[in-house]
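First residue of the first sequence: 41, per my numbering; consecutive thereafter.
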Amino acid sequence: MLSIKTLRENLSDVQDRLALRNSEISFDQWLARDKRQRVLKQKVEALKFKKNQSSKEIPRLKRAKEPIDALLKEMKVVSEEISVDEAELKIIEAENKDFLLTIPNLPHSTVAVGKSEVDNQEVRRWGQAPEFSFEVQNHWVLGESLGILDFERGAKISGARFVLYRGLGARLERALINFMLDLHTDKHHYREILPPFIVNRASMTGTGQLPKFEEDLFRLKDSDDFLIPTGEVPLTNIHADEILSESDFPISYTACTPCFRREAGSYGQDTRGLIRQHQFNKVELVQFSRAEQSYALLEKLLKDAEAVLQKLGLHYRVVSLCTGDLGFSAAKTYDIEVWIPAQNKYREISSCSNFEDFQARRAKIRYRTTDGKIRHPHTLNGSALAVGRTVVAILENYQQEDGSIVIPEVLRPYMGGIAQIG
RNA sequence: GGAGAGGUGGCUGAGCGGUCGAAAGCGGCGGUCUUGAAAACCGUUGAACUGAAAGGUUCCCAGGGUUCGAAUCCCUGCCUCUCCGCCA
C-alpha cells in the first residue's frame, strides 16, 4: 500500500511511476472521495467535540441540581447528526481503503524501464551449461523411466498438475530441502520457521495476494481461509500488527513450505513435467530491515539464494526485472534462472524482491527507532530455492547417456551416500 | 463435538455507565549515586488521524445496538483458555 500522504502530495509523480509498470490508474474518483472524506471528518470531529463537552457538563449540572432537559434534548439531535455523517464517512473510508489496496508498488529508481520480460536486464552468469555428447532427455522422461516421478498416478489421485515422487525421487526432494535449510540456518544465519500452510484473509491482504489475485489461490470451502501460494505469506505476517525495535534488525527467517497455486490463466504452459504444478515445495527466505539497509540486504539475500545453485554446481544467470515485469508488491526483483538443457534455455528458479514498506504498511508492521519514532520496516523475500524446479535442473543437468542421474557431491550425505540414481 | 471462563497499553493486571486513554507492577528510556556496573531513588514512557502550533478526534478483540454519555449494559461474530469426549 502506498502512503496516502505520498498520493496527496506527489500524485502526478506516482502516476508516472505506475505507468512505467503498465499500470494506468485513474485517481479522479479517489481524489473526490478523499476531499469529501476530509470535509466530513472535520465536521464529525467538531460535533463530537461538542458532544464530549456536554458529556462532561451534564454530570456537573446534575450534581448542582440545575436543569439539564434542554441540554439533553439538544445533544440527542447532535448525536443523530453524528451518526448520519459517520455512516457516510465510514463508507467513503472503506472505498478509499479498498482502492488503495489495488494499487501496485512503485518501481525503485534502479529498475530498468521496460514493457515485458524481454526488457529484463541480465546481471550476471555463473558457471557453464554442461555439454552432452548424446541427445539430452527432458526431466519427465528421465524421471518416469527411472521410476522416481509418476505423473499418471499424480493425475489419478488429484488431477492435472499433480505429481507423485517415488523412492529416490522423494528422497532427492527431501535431501534438497534439508540441504537448503541447513545452509541457510547454519551458514547464512536465518532462523528456521515451520509456519501454518493455511492462512486467513488478513494475512493474504498483508502481503498483497489479496484483494486482486484471489483467482490464483485455493480457498477453503467453509471458511475465509486460503492455502498459501508461498511461504512469504506466513513468514512476512509473523510480525503483522507489531511494533518491533530498531535493534531487532535485520530479522531473517527461512522455511520450507508447500506452495499451492491455481495456475489460472496458464493453460497450455508447461503442461508436462514439474515446472508448473498446483503444489510444490519451496524454501523461502524472508527479511525485515531498517529502511536504509534494505537494498544492501537484497543483494545479500540474492547471494544466499545463488549459493544454493553454486554448491549444486548448476549453471544459472541473474536477471533484474524491468518495470513492466515486476510483481504487484515488489519495488525491485531479481530472478535467478537456472539452465534447463532439454529446453535449451534458462528458467526461473528463484525470485528475490524488496517490497520496501509496501507490505509493512498493509500488514501494519512497524518499528520504533532508537530516537523513539515509529516507522515501517522494509520487507524482502526470495526463494532459495523452488525445490521442484531444482529437481528438474538436477535431473536434466546431471543426466548420463544411459539415463541415470549423478547426484551432486553436496547432496550425497543427505542421500544416504548414494552417488547416482539408476 | 459437549460444558464453562475470558479477550484492557511492550508484558502482567485493576476498573464494570459520566471525574478513564485507562490504577498498580514489570519492562523501556532519561537522570542522581558509582572508577564502571548492579542496587536504590527521582522523572518519563501507547497508537492512528488531523493541525504551523495550541489543540482536536479515534482506539480497552471486531461489528451492530441501548443511552445525553459505554472499557463498563445488550446482541452477533472471531479468537484464546479450562474441563469432558474423540483423535495424529
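Don't be surprised by glycine CBs; every beta carbon is placed ideally from N, CA and C. What you are looking at is a predicted structure, and each value in this text was computed from that prediction instead of being measured.
Nearest CA to the CA of residue i: which residue from the options?
i	options	result
Gly313	Glu114, Gln77, Gly457, Leu189	Leu189
Arg357	Lys343, Val54, Arg103, Glu377	Glu377
Ser173	Tyr438, Val151, Val450	Tyr438
His318	Ser156, Phe289, Gly194	Gly194
Val323	Leu223, Pro417, Ala382	Leu223
Gly443	Asp159, Gly248, Ile461, Glu272	Ile461
Met41	Leu325, Glu171, Ile278, Thr142	Thr142
Ser156	Leu60, Met220, Asp226	Leu60
Ser360	Thr311, Ser185, Lys372, Val79	Lys372
Thr311	Lys227, Leu435, Phe191	Phe191
Ser43	Lys404, Leu420, Arg452	Lys404
Ala459	Ala280, Pro381, Gln327, Ala215	Ala215
Look up residue i in the DSSP assignment and say whether it is helix, strand or coil.
i	result
Gln317	coil
Lys137	helix
Leu366	coil
Gln439	strand
Ala280	coil
Thr245	helix
Glu332	helix
Thr142	coil
Thr419	strand
Tyr307	coil
Glu171	coil
Thr373	strand
Ala295	strand
Phe202	coil
Using 10 angstroms around the beta-carbon of residue i, count the other beta-carbons present and answer buried if the total reaches 16, otherwise exposed.
i	result
Phe89	exposed
Thr245	buried
Asn50	exposed
Gly209	buried
Ile131	exposed
Ala345	buried
Ile197	exposed
Val431	buried
Tyr307	exposed
Ser263	exposed
Nearest-angstrom Cα distance between residue i and residue j?
i	j	result
Val181	Gln55	48 Å
Ala304	Phe202	15 Å
Cys362	Gly154	5 Å
Asp138	Gln69	13 Å
Leu366	Leu234	28 Å
Leu146	Arg48	15 Å
Gln384	Ala433	The question names Gln, but residue 384 in the sequence shown is Asn. Roughly 12 Å separates the two Cα atoms.
Ser369	Arg415	19 Å
Arg330	Asp397	10 Å
Glu64	Leu58	7 Å
Ser94	Lys102	12 Å
Lys227	Met220	10 Å
Arg316	Arg302	10 Å
Ser149	Glu282	29 Å
Gly187	Glu213	14 Å
Asp109	Ile122	20 Å
Gln440	Val446	7 Å
Beta carbon of residue i: closer than 6 Å to some heavy atom of the ligand PLP?
i	result
Glu49	With respect to the ligand PLP, the structure offers nothing, as it holds no ligand at all.
(message) Check whether the segment 390 to 398 and the segment 419 to 433 touch, using three or more Cβ-Cβ pairs below 8 Å as the test.
(response) yes
(message) When you compare the segment 276 to 290 with the segment 253 to 261, are there three or more beta-carbon pairs, one atom per stretch, that lie closer than 8 Å?
(response) no
(request) Would you be able to state if there are at least three C-beta pairs under 8 Å between the segment 281 to 294 and the segment 398 to 418? (result) yes
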